[in-house]
Amino acid sequence: MASQYSLSTLFPIQSQLDLDLEEATTQEEKENLVHQYLKKLDEGEDLKIPNFQTGLEWLNTEGPLSLNEELAGKVVLLDFFTYCCINCMHILPDLHQLEKKHSVKDGLVIVGVHSAKFPNEKVLDNIRSAVLRYDICHPVVNDSEASLWHELEVSCWPTLVLLGPRGNLLFSLVGEGHRDRLMLFTDIALRYYGERGLLKTHTVGIKLYRDSLPPSVLSFPGKVAIDDSRKRLAIADTGHHRVLVVTVTGQLEHVIGGPDSGRQDGDVSKASFNSPQGVAIKGDTVYVADTENHLIRKIDLLERKVSTLAGVGSQGTDREGGAMGPQQPISSPWDVTLGSAGGAGDNVLWIAMAGTHQIWALFLADGKLPKGSESKAGTCVRWAGSGSEENRNNSYPHKAGFAQPSGLASAPEEPWSCLYVADSESSTIRTLALKDGAVKLLVGGERDPMNLFAFGDVDGKGVGAKLQHPLGVAWAPEQSLLYVADSYNHKIKVVDPKTKQCSTLAGTGEAADTLGPDFNKSSFNEPGGICVGDNGKLLYVADTNNNQIKVLDLASETVSLFPVSMDCTDSVPTKPLGPTKAPKLPKSAPRKEMPPVAVCAGQTLIMSVTLTLPQGTKLTEEAPSCWALSAEGNEWLLGGQVVTGDITDLSKPLSISTELPAVIKDSNPKLTLGVWVYYCMETGNACLMKAASFTQPLQISASPGDGDVTVALAHAF
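Remember, our numbering sits 1408 above the position in the sequence shown when you count from 1.
See below:
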């Protein structure tokens, strides 16, 4: 039953303000209009909304929050979202900007209310991964049954609802693209209630989940691509905002970007990205869908340069295109693949433009789209998709409708001659004909073009098959088969385009991280990318939420972990791979304070660390056991970085050394060594993660000393 006070109560009241703001010409006039609106609203009936239900799961907090307690005296912004939704992703930068401008102490608290579209999105662990992926730093509540959504009569994602300090309705904004109005409403609400003494400065128990995690080699890798002829892969290490180029044996050749987000062209050692997704590699060139920068980038590995080929660096709304790349605004490119269009081979880069629900073409050389006019090199133009979010197939590419296309695979061979599209929000795989641009269904979804809820996990033929938010596709010409990363079903599926038969290849259907012993016993967690290597014998899968690349051997039907050696062969130093801040240890982790050790400036300190596992256990081979050495408050000791390393063998002590600076800024600093160990029972499947830390005070003499100083550290788990 709907609450007495819902958005249907608010909309008629706010509508006049919205009209008045459209006609206002100055910022002062707009501010006065909002101020008078709030004053009038406060004089009327108090539009209080129902509180959050008890028993809901919360993230990024120390416990549940209540409008009547922790959030009382705050202006609260409710962000109703579901983590698959590209429109919801588009407003996250607005929320980040708002959080930078107004703190909790200032009186503003943002709360993400997660109201799932897909069943997979109701699971707390999956929401937790999304919170990490999208760097959400405010409280999030898992309203899995959408109780508050229904109480407030919310109708679409995203919807923003601004509340006053009594939990009273003030404003609502539906959809994306309202940054200016969001800032205006929030600024004036804080000023209005602040002047009346109704805001409270108390803190809210915010505790970011990301701070408790150990470092990992990869962070939510989105896509993976291969150049079989050169035997190397490009990996979009999305959470670390970088691209890795590795050999098929896992030897790291290049690191471009990271660890922080940015938008810089030029030398690879200084270039930066923002949550890159799609990658395509050919020879010494890597093309990158730099998703949150709304750019297409090019990495020239020989010249060691990064350049921008398309996009202006901010989200575009143009659904036609046609300008030269760097002048053409684009929106959330999610995948890229090379192809040919009316010209020489690989003269075009196809783009899955998730933000406008279209497929675009970036011409790398002169060419021509089917039934289109000539396009000069550098032109970036829409090829297919009306821009409406639909599951609409049509013989005319501009009249077809996609719903957040997120994966591409080119099959230029006859009789296929098409582009395969993983259309995530319609849960379908579609084909886009290279000859005439006709869009057809391959598998999944249903025939009603407006129904974006026809999802499931059913092996079958054509529309009888069901997928759940697939993000990746890969074409194997040797077998004439299409492989699909069926992300929210946590499976890899295979499609025969001749018969339109879709079947499960690997994965149990449960989000987990196990390697076999065979395909149907292996598990994944929202795999987002996939490519075919070794002439159709291997599949490389970006197992996104497991922070791994996995390899599927199609002959032996086994799954293995793809090792990424972080010893980079780049001849020019790249940005440091380690984090600049050590992760937090679990509360239960023991913390050992060691006696001070006397050392001299410039000496090398060696920590000899003996770690002992419980009897009958062994290190989990594929898990990221690691150590991190930090000097919080005295970062100069380690050159401003956190030094990290893997733990692979406990049969002998770990030897961790650091050379002390020649210039001493503090004679009594401290080093902290944290260790994270994953181990499992030698009999049975039970596995554990334990952590511990050692704090080592130093007494540093400014006079230089000879030799090394070794300290012995030991801990039994």
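From the three backbone atoms N, C-alpha and C, an ideal C-beta is built for every residue, glycine too. These figures come from a predicted structure and were not determined experimentally.
Put simply, of A1808, G1845 and V1902 the residue whose alpha carbon is nearest the alpha carbon of D1867 is V1902. Taking L1464 as the centre and dropping the five residues before and after it, the same chain places the C-beta of P1472, V1549, N1550 and D1551 closer than 7 Å to its C-beta, in chain order.
By the C-beta density criterion, R1838 is buried, having at least 16 other C-beta atoms within 10 angstroms. Spanning the alpha carbons of R1712 and V1654 requires a straight line of approximately 16 Å.
For the options E1431, S1973 and D1636, the alpha carbon positioned closest to that of Q1659 is the one of S1973. Counted as a single uninterrupted DSSP element, the alpha helix (DSSP H) harbouring F1593 occupies residues R1587 to E1603. The DSSP assignment places 1494-1498, 1500-1509 and 1532-1541 as complete runs of the alpha helix (DSSP H) inside the segment 1484-1550, in order along the chain (cut-off: 4 residues). Across the set T1787, M1761 and S1888, the C-alpha of M1761 shows the shortest separation from the C-alpha of S1832. When the Cα atoms are used, A1997 and E1507 turn out to be separated by approximately 32 Å. Runs of beta strand (DSSP E) with 3 or more residues, each lying fully within the segment 1910-1949, are found at 1937-1941, listed in chain order. The beta carbons of K1874 and N1801 sit about 17 Å from each other, so the pair does not count as a contact at 8 Å.
Residue pairing for V2005: DSSP places it in a beta bridge opposite L2106. Proximity to D1533 across K1447, T2012, L1485 and E1934 peaks at E1934, based on C-alpha coordinates.
Bounds of any alpha helix (DSSP H) do not take in H2123; it lies within the beta strand (DSSP E) bounded by D2116 to A2124. Fully contained in the segment 1862-1899 are the following beta strand (DSSP E) runs of length 3 or more, in chain order: 1880-1884 and 1889-1894. Around the C-beta of V2071, fewer than 16 other C-beta atoms lie within 10 Å, and the residue is accordingly described as exposed. According to DSSP, W1768 shares a beta bridge with I1759 and R1790. Within the same chain, and ignoring the five residues on either side of A2039 in sequence, the residues whose Cβ sits closer than 8 Å to its Cβ are L2045, L2046, P2077, K2078, L2079 and T2080.
A direct Cα-Cα distance of roughly 27 Å separates F1419 from C1492. As DSSP reads the structure, C1826 sits in a beta bridge with A1819 and A1841.
Annotated three-state conformation of L2046 is helix, per DSSP. Of E1798, L1578, E1782 and L1486, the smallest CA-CA separation from L1860 is found for E1798. Per DSSP, the continuous alpha helix (DSSP H) segment holding I1421 begins and ends at L1415 to E1431. If you ignore the 5 residues before and after E1886, its C-beta comes within less than 7 Å of the C-beta of N1943 and G1944, all in its own chain and listed in chain order.
The Cβ atoms of G1763 and I1494 sit closer than 7 Å to each other. Q1444 carries a helical assignment under DSSP once its states are collapsed to helix, strand and coil.
In the structure shown, K1807 adopts helical secondary structure according to DSSP, grouped into three states. Judged by DSSP in its simplified three-state form, E1661 adopts strand.
Annotation: E1478 to N1468 spans about 14 Å, alpha carbon to alpha carbon. Between L1993 and S2101, the CB-CB gap stays under 7 Å. In this chain, W1565 is not harboured by any beta strand (DSSP E), its DSSP state being neither H nor E. For E1559, the uninterrupted alpha helix (DSSP H) segment begins and ends at S1555 to E1559. Assigned with DSSP and collapsed to three states, N1476 falls in coil, not helix or strand. Beta bridge pairing from DSSP links N1576 with K1456. Annotation for P1741: the continuous beta strand (DSSP E) segment containing it runs P1741 to G1747.
The residues L1455 and L1577, in chain order, have a CB closer than 8 Å to that of T1417 in the same chain once the five nearest residues on each side in sequence are set aside.
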